[in-house]
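Here the protein sequences line up with chains A and B, keeping their order.
Mapping of the first sequence onto our numbering: position 410 corresponds to residue 410, and the numbering continues sequentially without gaps.
Position in the second sequence (from 1) plus 1000 gives the number in our numbering.
Think of the CB as a built atom: it goes at the ideal place given N, C-alpha and C, for glycine as much as any other residue.
Here the structure is a predicted model, which means the values were calculated and not measured.
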Amino acid sequence: MELLASLGDGFAIAISWQNLLYALLGCLLGTIMGALPGLGPSNGVAILIPLAFTLGLDATGALILLTSVYYGAMYGGRISSILLNIPGDEPAMMTCLDGYPMARKGQAGEALALSGIASFVGAFLSTCGLVLLAPQLVKVALLFGPAEYFALFALAFATLGGISAKNQAKSLFAAALGIMLAMIGVDTQTGVPRFTFGEVHLYDGIDFLVAIVGLFALSEVFIFLEHRGTEKDATTGPRMEIGRITPTWPMIQSCIPTMGRTSILGFISGVLPGAGASLGSFVSYSMEKKLVDRDGTFGTGDPRGVAAPETGNNAAAGGALVPMLALGVPGSGTTAVLLAVLLALNITPGPLLFQQNPDVVWGLIAALFIGNFMLLALNIPMVGLFTRVLMVPPRILMPIVAMISFVGIYGISGSSFDLMVMLIFGVAGWALRKLEVPLVPIILGTLLGNEMEVNFRRAVTIADGDYSVLISSPLTIVLWAIAIIGFIIPIFVSSTLRRKMKKDERDLTD
Amino acid sequence: MSDRIFGGIGLVIAIFFAWQATLIQTSFISDAVGPKTFPILLAVLLGISSVYFLLKPDPEPDWPRAGRFAEIAFAALVLLAYGQLLPEIGFVIATALTAGYLAWRLGSKPLEAVIVGVGTSLGIFVIFKLLLGLSLAEGPLGF
């Protein structure tokens, strides 16, 4: 009952004309950004954070706008999967398998509408799960001391690459580099400058927004420059007829059990550290294929093959919010960007957030529900409009993206120095992507590095300089054990898992 | 080979970072750990992973040809110049030039590039400055 009362308060905050307008704007922008090739949820939210920040929106408004963009981009990612066979983002990869064949059979509109419904079901059920699970996790998190938090941060970094991570040494490199970047600036505890080289601009540290926009958005521009006119140029696909845009009732009906099962599966893989949306959609698709694919129609345009990964990936997106809100530790790239949103608004997620700022938490959750309904309402009738967005060629789109990135960052401080730093991040991001170094641990490092060090030093200081305090309580031992196992497992299983994902994809696209 | 070079660079960064960490001046009030320990720990982790790249490099990534390298380097230079010139010549002119250049290099015909450049610049100016009131760089002409 208390839960429903809190949720009711949240809706009271979220439902004002202004906030509903932000939600609508966010959903529209998000869907467009998700649909555009080269602008996934992370990029979309990253470009908009500094803008929302400099425009001086209040915390609730900005949060509603940006989470709507996040959810909208998750919806939008499927559009290019289905129409062009190019996933808008990694989790949408599995949607290509049955979505594109459906489109080729002239059922593009139905596939789009069905995946919209599946996205809605997955996101809606997982938001319900979030409401139930997050307060429970908060109760556990309140037992955490500094040593436990330090272990928890280590766990987040160790499992961030996920079970399909390619090279754990590169994940480690990225995490260490990101935390090192956070060290730049005046030390919060003793007040001495570190790694500033006497440069006044560096005393405040490197703004994580500068790092995010540079690494994600700007490096994307360089990738497009590199690939222009080659076979990797994604703009030369054939045009696709949309067909009817409402799926038949029997088609929806056949997908209901699939959507139910994959919602649960997706949610669980979203909550677990290191799994995330990509694995959520992959596991959902594989399970459904084993369970219901009796006639071997999966991969040839079976509606259930569209519904399963879409439900799974959106459910996982909701599930990933649980550790982010309750513990302050995101488990995936997109939730890391959402963490950046909160930190930019001076809100520190974690167990205390639920006690000190219940309005923010429940307002956000209410906004997620509202955004979901809006997206469903927008997506079914307006899908034709969104597909037209796909026709905007990168040669026109990317200059706009680059310039808006610069405008947003310039707006924060009004200094050319930040623009230079962003450019360095953009070039470095391009090189690191070529070398297959994951960028998300770098971002997470710049976001959480200082907090991690503070907990480390606090724990040891309380114990009078005794470093063994870091692994003294049972809880810390458990967390460290999970961290170590989570870091080691991918070394052994990721190659088999990757091969299987590749094989499934190849079998079906041939 | 790329991974080996990368590992070498990583190792240099790690050593440089650790060296800089030892140079941090400690103030007279400090906690039990101090401001140096954690950065040194990070440098060690970065160093270990870099040594791993040196010993066990991944297969060579798909690097672009020299021409494309120059393309990316030149685009970075143009954006660098943009950042420096922004306060000098004002937002509208600097942005129109830069966006136009990027559009041209991404495959637009010259006329289209001019339209994209001017359109992007004026579009951002109208939406963000006039409608939303964001502060953009002002040149001597006031825009």
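Cutoff 8 Å: residue i Cβ touching any chain D Cβ
{"i": "G1083 of chain B", "result": "Protein chains in the displayed structure are A and B, and chain D is not among them."}
Member of the options whose CA lies at the smallest distance from the CA of residue i
{"i": "L7 of chain A", "options": "A:I409, A:W362, A:G296, A:S415", "result": "A:W362"}
{"i": "G445 of chain A", "options": "A:D187, A:A154, A:L497", "result": "A:A154"}
{"i": "G26 of chain A", "options": "A:L265, A:F150, A:A12, A:L48", "result": "A:L48"}
{"i": "A340 of chain A", "options": "A:K166, A:N19, A:M33, A:A46", "result": "A:A46"}
{"i": "Y11 of chain A", "options": "A:M183, A:V210, A:V360, A:M93", "result": "Checking the sequence shown, residue 11 of chain A turns out to be Phe, not Tyr. Per the Cα distances, A:V360."}
{"i": "L390 of chain A", "options": "A:M33, A:A14, A:L4, A:A5", "result": "A:M33"}
{"i": "S405 of chain A", "options": "A:P87, A:E220, A:M452", "result": "A:E220"}
{"i": "P1061 of chain B", "options": "A:D98, A:E436, A:M287", "result": "A:E436"}
{"i": "L497 of chain A", "options": "A:S468, A:S278, A:G331, A:G411", "result": "A:S278"}
{"i": "L36 of chain A", "options": "A:V271, A:A59, A:L65, A:Y75", "result": "A:Y75"}
{"i": "V421 of chain A", "options": "B:I1072, B:F1053, B:V1044, B:G1083", "result": "B:G1083"}
{"i": "V1012 of chain B", "options": "B:F1128, B:V1051, B:V1033", "result": "B:V1051"}
{"i": "Y70 of chain A", "options": "A:I471, A:L375, A:V383, A:S473", "result": "A:L375"}
Three-state class that DSSP yields for residue i in the structure shown
{"i": "G205 of chain A", "result": "coil"}
{"i": "P247 of chain A", "result": "coil"}
{"i": "P1064 of chain B", "result": "coil"}
{"i": "G185 of chain A", "result": "strand"}
{"i": "P193 of chain A", "result": "strand"}
{"i": "V392 of chain A", "result": "coil"}
{"i": "P438 of chain A", "result": "coil"}
{"i": "D293 of chain A", "result": "coil"}
{"i": "E1112 of chain B", "result": "helix"}
{"i": "P323 of chain A", "result": "helix"}
{"i": "V1033 of chain B", "result": "coil"}
{"i": "A1137 of chain B", "result": "coil"}
{"i": "Q18 of chain A", "result": "helix"}
{"i": "F1128 of chain B", "result": "helix"}
Residue burial classification, residue i (beta-carbon count within 10 angstroms, cutoff 16)
{"i": "W249 of chain A", "result": "exposed"}
{"i": "F1091 of chain B", "result": "buried"}
{"i": "V493 of chain A", "result": "exposed"}
{"i": "Y285 of chain A", "result": "buried"}
{"i": "E2 of chain A", "result": "exposed"}
{"i": "F267 of chain A", "result": "buried"}
{"i": "P490 of chain A", "result": "buried"}
{"i": "N19 of chain A", "result": "buried"}
{"i": "V140 of chain A", "result": "exposed"}
{"i": "D466 of chain A", "result": "exposed"}
{"i": "S1135 of chain B", "result": "exposed"}
{"i": "T54 of chain A", "result": "buried"}
{"i": "Y203 of chain A", "result": "exposed"}
{"i": "I485 of chain A", "result": "exposed"}
{"i": "Q1025 of chain B", "result": "exposed"}
{"i": "S416 of chain A", "result": "buried"}
{"i": "P303 of chain A", "result": "buried"}
{"i": "L548 of chain A", "result": "Nothing in the structure corresponds to residue 548 of chain A, since chain A is present only between 1 and 510."}
Below-8 Å beta-carbon distance, residue i vs any chain B residue
{"i": "G465 of chain A", "result": "yes"}
{"i": "W480 of chain A", "result": "no"}
{"i": "Q355 of chain A", "result": "no"}
{"i": "V460 of chain A", "result": "yes"}
{"i": "A169 of chain A", "result": "yes"}
{"i": "T54 of chain A", "result": "yes"}
{"i": "G189 of chain A", "result": "The sequence given here places Gln at residue 189 of chain A; Gly does not occur at that position. Interface residue, yes."}
{"i": "S472 of chain A", "result": "no"}
{"i": "T236 of chain A", "result": "For T236 of chain A, the predicted model reports a pLDDT of 46, less than 50, meaning its position is unreliable and no value from the coordinates is stated."}
{"i": "D510 of chain A", "result": "Residue confidence for D510 of chain A is low, a pLDDT of 46 falling below 50, so the modelled location carries little weight and cannot support an answer."}
Any C-beta of chain A under 8 Å from that of residue i
{"i": "A1019 of chain B", "result": "Here residue 1019 of chain B is Trp; the residue named in the question, Ala, does not match the sequence. Output row for W1019 of chain B: interface = no."}
{"i": "A1032 of chain B", "result": "yes"}
{"i": "P1110 of chain B", "result": "no"}
{"i": "P1039 of chain B", "result": "yes"}
{"i": "E1060 of chain B", "result": "no"}
{"i": "I1024 of chain B", "result": "yes"}
{"i": "I1072 of chain B", "result": "yes"}
{"i": "V1012 of chain B", "result": "no"}
{"i": "R1004 of chain B", "result": "no"}
{"i": "G1107 of chain B", "result": "yes"}
{"i": "V1114 of chain B", "result": "no"}
* Does the region 166-177 of chain A come close enough to the region 431-451 of chain A that 3 or more CB-CB pairs lie under 8 Å? -> These segments touch.
* Contact the region 318-328 of chain A vs the region 18-33 of chain A: 3+ CB pairs below 8 Å -> For the pair of segments examined, the region 318-328 of chain A was found not to touch the region 18-33 of chain A: the number of CB pairs separated by less than 8 Å stays below three.
* **Segment contact flag, the region 1106-1123 of chain B with the region 388-403 of chain A, C-beta cutoff 8 Å, min 3 pairs** => Result yes; three or more Cβ-Cβ pairs closer than 8 Å.
* Is it a yes or a no for the region 344-354 of chain A touching the region 363-377 of chain A, going by three-plus beta-carbon pairs under 8 Å? -> In this structure the region 344-354 of chain A does not lie against the region 363-377 of chain A, because fewer than three pairs of beta carbons, one per stretch, are closer than 8 Å.
* Are there three or more Cβ pairs, one per stretch, closer than 8 Å when the region 205-219 of chain A is compared with the region 413-431 of chain A? -> The region 205-219 of chain A, when compared against the region 413-431 of chain A, does touch it at the 8 Å Cβ threshold.
* Asked: If we count Cβ pairs, one from each stretch, closer than 8 Å, do we get three or more for the region 180-191 of chain A versus the region 1038-1046 of chain B?
  -> Yes, the region 180-191 of chain A is in contact with the region 1038-1046 of chain B.
* Counting Cβ pairs, one atom from each stretch, are 3 or more of them under 8 Å apart for the region 450-461 of chain A and the region 145-159 of chain A? -> At 8 Å Cβ cutoff, the stretches touch.
* Counting pairs of Cβ atoms below 8 Å between the region 326-336 of chain A and the region 103-113 of chain A, do you hit three or more? -> As far as the Cβ criterion goes, the region 326-336 of chain A does not touch the region 103-113 of chain A, which means the pair count is below three.
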